[in-house]
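Note sheet for the following structure.
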Amino acid sequence: MRLLAILFAAVLVLPAADEYQWDLPKGFPKPQSPADNPISDAKVRLGRYLFYDQRLSVNGQQSCASCHRQELAFTDAKGRAVGTTGEQHPHGSMSLVNVAYSPMLTWTNPQMRSLEEQALVPMFGRQPVELGLDARGEKLLRTLSADTSYPGMFQAAFPDEASPITLTNLTKAIASFERTIISARSPYDRYHYLGDNSAVSEAAKRGEILFFSEPLSCFRGHGGFNFSNTNQVELHDNGLSDPGKSKAPTLRNIALTAPYMRDGRFATLDAVLEHYRSGGRHDAAQDPLIRGFALSAHDRADLIAFLESLTDREILHDPRFSDPRKQAAEH
Amino acid sequence: MSYNRLLIPVVLCLTAAAQTPTPATASLSVSGDGTSALTLTSADLAGLPHETVSIEEQDGTKTAYQGVPLHAILAKAGIPMGHGLRGKALAAYVLASAKDGYQMIFSLGELDPDFGNAHILVADKRNGEPLFGYQGPLRLVVGGDKHGARSVRMLEKLEVVQVRK
Chain A
23 MRLLAILFAA
33 VLVLPAADEY
43 QWDLPKGFPK
53 PQSPADNPIS
63 DAKVRLGRYL
73 FYDQRLSVNG
83 QQSCASCHRQ
93 ELAFTDAKGR
103 AVGTTGEQHP
113 HGSMSLVNVA
123 YSPMLTWTNP
133 QMRSLEEQAL
143 VPMFGRQPVE
153 LGLDARGEKL
163 LRTLSADTSY
173 PGMFQAAFPD
183 EASPITLTNL
193 TKAIASFERT
203 IISARSPYDR
213 YHYLGDNSAV
223 SEAAKRGEIL
233 FFSEPLSCFR
243 GHGGFNFSNT
253 NQVELHDNGL
263 SDPGKSKAPT
273 LRNIALTAPY
283 MRDGRFATLD
293 AVLEHYRSGG
303 RHDAAQDPLI
313 RGFALSAHDR
323 ADLIAFLESL
333 TDREILHDPR
343 FSDPRKQAAE
353 H
Chain B
44 MSYNRLLIPV
54 VLCLTAAAQT
64 PTPATASLSV
74 SGDGTSALTL
84 TSADLAGLPH
94 ETVSIEEQDG
104 TKTAYQGVPL
114 HAILAKAGIP
124 MGHGLRGKAL
134 AAYVLASAKD
144 GYQMIFSLGE
154 LDPDFGNAHI
164 LVADKRNGEP
174 LFGYQGPLRL
184 VVGGDKHGAR
194 SVRMLEKLEV
204 VQVRK
């Protein structure tokens, strides 16, 4: 009887076999998944394979990973993304790092709030063509059904479904994988959350104070543990030469994600700082927070040191987020 | 709503974990109408009775700020509190200013334990450790606020302004 009680207690305490185990540092909340797409190991595994599969493009040339490269913090070093048929996107590829915490996705669409829904845009969008799949992805689904690995992975990810290889489940899996890409191991994290006072330079510490100061107010657009205001679902006109509202992206790994702004118009962090220092267009349409400020060369260097301290180099090589086929080939 | 100080709670959240502080010497000046102007150092504040206000972070954990109630500091500067706070003294406010220029106001009636009894601390510690970098060495922590905009970081000065002369 006592043994039964212990076993019962163990069942209560132990997570379900397929429950995804988040490895989150203190200060990072557990990412939320939609009620109709609870995260699981099997979905994450399937999503990772799909994310890196070039058969998700019309000509077999690109996958999600083409524009979201792990070694570049899941961006692509291009000012404006280029689709599989060569069409240029009006905006740059956004980093997928910590995208699980973004209540609003994309640069300019405040209504896009679901990773599952967003995954359809690059697959089927026509203006511009990104991955360029046919209207309902029927050819892709047939390809996946005929594959040696995918039917089993879909079945494992969606065990209650008789025919799980569907577009809906494909986007659920990709979204599940994307939610796991958590970046929390930068020098700043070691300094701030783990108490390692030597993890960042004194310049970075001074830059942090500037970042959170009233005159610069960088934190108002890029606040919180993710430096992107995870509770904010509004766009803002940040005073670029052509008026328009856009999202304030995360600053985590920002030193790796040049060029900057929604269309890559600034090649360096220094150019970005110069834009905000100058106060933008100085018109009524831009956000009142874009008002300019004094910034000495010393302060500028400190701010950049702070921004560089947000670089998590471990995530650039973390095998959990890399191409699983390459990984298998290497072993 | 455009960006405003509502984002401060996020900043409070950012401070959830244990950052090794770089202690700095605190100096808080208290001046203005009806005060006996004074300047409080870290040691002065450490010698005053402390209370604790807990803030819930985004990950659900709680951060405890320790400090001296704002009304107690005003009382030390000669501002009447409790039974002494009446008449035109109730038409006065405290202007709290930070090193970076940020400012916030609180009415005396809001602070007084016999009136609003707002639980506002001049905090010098977070989870028992000195406040670091952009937080300190002193900050206000306004217990019960839904947003952190009034929890002035890098607090340097309190000025009492009598509106009704």
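Here the protein sequences come in this chain order: A and B. Counting the first sequence from 1 gives a position; this note's numbering is that position plus 22. Counting the second sequence from 1 gives a position; this note's numbering is that position plus 43. All C-beta atoms in this analysis are idealised placements derived from N, C-alpha and C, irrespective of residue type, glycine included.
query, result
"Stretch-stretch touch, CB-based, cutoff 8 Å, three pairs: the stretch 173-191 of chain B with the stretch 229-246 of chain A", "yes"
"Sub-8 Å separation of Asp167 (chain B) and Gly75 (chain B) beta-carbons", "no"
"Distance between beta carbons of Leu142 (chain A) and Gly105 (chain A), contact taken as under 8 Å", "Not a contact, Cβ separation roughly 15 Å."
"Span separating the alpha-carbon of Thr272 (chain A) from that of Glu202 (chain B)", "37 Å"
"Test: Leu202 (chain B) CB closer than 8 Å to a CB of chain A", "Contrary to the premise, residue 202 (chain B) reads as Glu rather than Leu in this sequence. Not one chain A Cβ lies under 8 Å of Glu202 (chain B)."
"Assigned exposure category for Ala59 (chain B) - 16 Cβ within 10 Å defines buried", "Because Ala59 (chain B) carries a pLDDT of 37, less than 50, the predicted location of this residue cannot be relied on, and no value is offered for it."
"DSSP state of Ala135 (chain B) mapped onto helix, strand, coil", "strand"
"Contacts of Ala141 (chain B) in chain A (Cβ-Cβ under 8 Å)", "Glu236"
"contact_flag[the stretch 261-268 of chain A, the stretch 299-313 of chain A] where n(CB pairs < 8 Å) is 3 or more", "yes"
"Within chain C, the residues that Tyr177 (chain B) reaches when beta carbons sit closer than 8 Å", "In the structure shown, chain C cannot be found, because the protein chains are A and B."
"Residues of the stretch 46-62 of chain A whose Cβ lies closer than 9 Å to any Cβ of chain B, in chain order", "Leu46, Pro47, Lys48, Gly49, Phe50, Pro51 and Lys52"
"Assigned secondary structure, Leu332 (chain A) (DSSP; H/G/I helix, E/B strand, else coil)", "coil"
"Classification of Gly243 (chain A) by the beta-carbon crowding that lies within 10 angstroms, buried from 16 upward", "buried"
"Neighbour-count burial assignment, Lys208 (chain B), 16 or more Cβ in a 10 Å radius", "exposed"
"His258 (chain A) - partner residues in DSSP beta bridges", "A:Ser268"
"Nearest neighbour of Arg335 (chain A), chosen from A:Phe328, A:Arg274 and A:Tyr282 [CA to CA]", "A:Arg274"
"Near-chain A residues of the stretch 133-163 of chain B (beta-carbon distance less than 9 Å), N- to C-terminal order", "Ala141, Lys142, Asp143, Gly144, Tyr145 and Gln146"
"Identity of the residues DSSP links to Phe180 (chain A) by a beta bridge", "Note: Phe180 (chain A) sits in no beta bridge, so no partner."
"Interface partners of Lys269 (chain A) on chain B, CB under 9 Å", "None at all; the shortest Cβ gap to chain B is about 13 Å."
"Candidates B:His114, B:Leu113 and B:Thr95: closest to Thr106 (chain B) by CA position", "B:Thr95"
"Endpoints, alpha helix (DSSP H) assigned at Phe149 (chain B)", "Unbroken run through Phe149 (chain B) is the beta strand (DSSP E), Gln146 to Ser150; no alpha helix (DSSP H)."
"Reference Ala139 (chain B), options B:Gly130, B:Ser150, B:Gly171 and B:Phe158, closest by Cα", "B:Ser150"
"Close Cβ partners of Leu166 (chain A) (< 7 Å) along its chain, the five nearest in sequence each way excluded", "Tyr172 and Ile187"
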